[in-house]
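To keep things clear, I will list the structure first and then write my remarks on it.
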Amino acid sequence: MIVTVTLNPALDLTYGIDALVVHGTHRVATVAERAGGKGLNVARVLHALGEPVLATGLLGGPTGARVSELLAYQGVAASFVPITGETRRTVAVVDAHDATGFWEPGPIVPASEWIRFVGHFHDLMRTTTVVALCGSLPPGVPADAYGILIRIAAAAGVVSVLDTSGEALRRALRAHPEIAKPNVHELSELVPDLSVARIRALSRGAIVVSRGPDGLLAVTPDGVHESAPHESLAGNPTGAGDACVAALARGLRDRVGWPDLLADAVALSAAAVATPVAGAFDPDVYQRMLTTPTPPHTAASHTAPPRTDPPRTDPPRTDPSPLGYRPENTAAGAGNSSEGPYNASPSARREPSAEARERTADVAAAAREGTARVAVAHGLGNRDGELTGERRERGQAC
């Protein structure tokens, strides 16, 4: 199973207009309301592709309840941790040429709620093969939140895909996710000259740079790989990066080599541009882009090794959604079935060391007990459950 993490989800409103005029008044032709946030968009794309996926993160208030309802209506399995703050909203204004976005910052998340999510995340890793960590961090969550989650995932044998920006990206790269996917503007904040050597120095994992109409550039430990769309498409680019992450997560699970992986990610991204809202794609465009791709340029070709991982021995989960905002639908309810979306193939998993298992269990124990005693040792807060020092930093915008 692929799990997507959205710590700062949103209720997305998309307004369709003829042409955006700054400081002008516009008549809205179409209105779309969707459960939003980068990780939820990734989950919807994977669900549309028929892939087993579970969305998790933080939801609160009536807006959070509406986000949960919309996910349930679309059949996307979800297991969120409830928070006291109100989930944010975003507005995208889309015309015939481009999109303009307005993002609220998100609710303040107390340390106790963050620690509770860490325990929930640890439990979900038992049935997960790949985790996609996406989007901005809400205020109150530590700036190295994604780094913490990447290390917990790695200790459980789960590989990770990261899509964030700013300080959250810088810190998470120190945890060495298998793939990080910044766009060229986000990466240039960390590496102004965009040199391959400096990009590679950021992380031991691969860094896949999305370059809009110029396609993808992957800087990996063993080479540099490129792929670009063979035709230009006009439309809404806001969901292209999320579709790319969905393709990367699926390919990472299936151990697809870089040329084919990038070609698929480019095709799915282009198909997302052809739809009016994020989290969707045009199947016809996707197939067209796949059938006549531009051959990827590869400086050092990479073929994924065969799968040699032993089968899982963990007992099946009997409570896949122990915390709030679980959609009461057939997709969520399938978690108790061996065929349900909460069960995952072990093929992409790595066996964690005893030391890593012990350290991860300590973090989760602190969350389950509702205290910060053990979490102090892991930099999550102080003994009173309050964020300390630099961990009061606000998250970066999407």
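UniProt numbering puts the sequence shown at residues 1 to 398.
All C-beta atoms in this analysis are idealised placements derived from N, C-alpha and C, irrespective of residue type, glycine included.
For D163, the enclosing beta strand (DSSP E) covers residues 159-163. Counted as a single uninterrupted DSSP element, the beta strand (DSSP E) harbouring E33 occupies residues 30-36. The stretch 17-35 makes contact with the stretch 93-106, as at least three CB pairs between them are under 8 Å. Your pair T84 and G57 does not check out as a contact, with CB atoms roughly 15 Å apart and the cut at 8 Å. DSSP, read as helix, strand or coil, puts H225 in strand. Of the residues assessed, Y73 falls on the exposed side of the cut-off, its CB having fewer than 16 other CB atoms within 10 angstroms. Between R88 and G64, the gap from beta carbon to beta carbon reaches 7 Å or more. Sorting A272, P138, Y146 by C-alpha distance to the C-alpha of F121 places Y146 at the top. Distance from N41 to S136 at the Cβ level is roughly 13 Å; contact not present, criterion being Cβ atoms closer than 8 Å.
Counting of Cβ neighbours within 10 angstroms places S160 among the buried residues, the total reaching 16 or more. Burial is judged here by how many other beta carbons sit within 10 angstroms of a residue's own beta carbon; V31 has fewer than 16 and is exposed. Per DSSP, T238 lies in no beta strand (DSSP E) segment and is marked neither H nor E. Secondary structure at N8: coil, using DSSP grouped into helix, strand and coil. Partner residues in the beta bridge of C134, as assigned by DSSP, are T6, D163. Counting of Cβ neighbours within 10 angstroms places A197 among the exposed residues, the total staying below 16. Taking R211 as reference, the option from A132, E186, R204, D123 with the minimal CA-CA separation is E186.
Of the residues assessed, T25 falls on the exposed side of the cut-off, its CB having fewer than 16 other CB atoms within 10 angstroms.
The beta-bridge partner set that DSSP reports for V277 is empty. Residue environment for D214: exposed (fewer than 16 other C-beta atoms within 10 angstroms of its C-beta).
Judged by beta-carbon spacing, V273 lies within the 7 Å limit of P237, meaning their Cβ atoms are closer than that value. In the DSSP annotation of this structure, G119 is not part of any beta strand (DSSP E); the continuous alpha helix (DSSP H) holding it starts and ends at 111-124. If you look at G60, you'll find it in the beta strand (DSSP E) that goes 53-60. Taken through DSSP and simplified to helix, strand or coil, I152 comes out as helix. Here DSSP, grouped into helix, strand and coil, assigns I83 to strand. Taken atom to atom, the span from the alpha-carbon of I115 to that of A156 is near 18 Å. In this chain, the alpha helix (DSSP H) harbouring S188 covers 184-190.
In this structure, F117 is the residue among F117, H225, D254, P221 with its C-alpha nearest to the C-alpha of I148.
In the three-state DSSP reduction, R89 falls in the strand class (E or B).
Its chain contains L194 as the residues whose beta carbon lies nearer than 7 Å to that of S188, once the 5 sequence neighbours on both sides are disregarded; these appear in chain order. Across the structure, I207 and G279 are spaced so that their CA atoms are roughly 22 Å apart. Cβ atoms of R44 and D12 stay farther apart than 8 Å, at about 11 Å.
Here S165 is buried: its Cβ has 16 or more other Cβ atoms, across all protein chains shown, within 10 Å.
Collapsing the DSSP output to three states places T63 in a helix. Residue environment for F80: buried (at least 16 other C-beta atoms within 10 angstroms of its C-beta).
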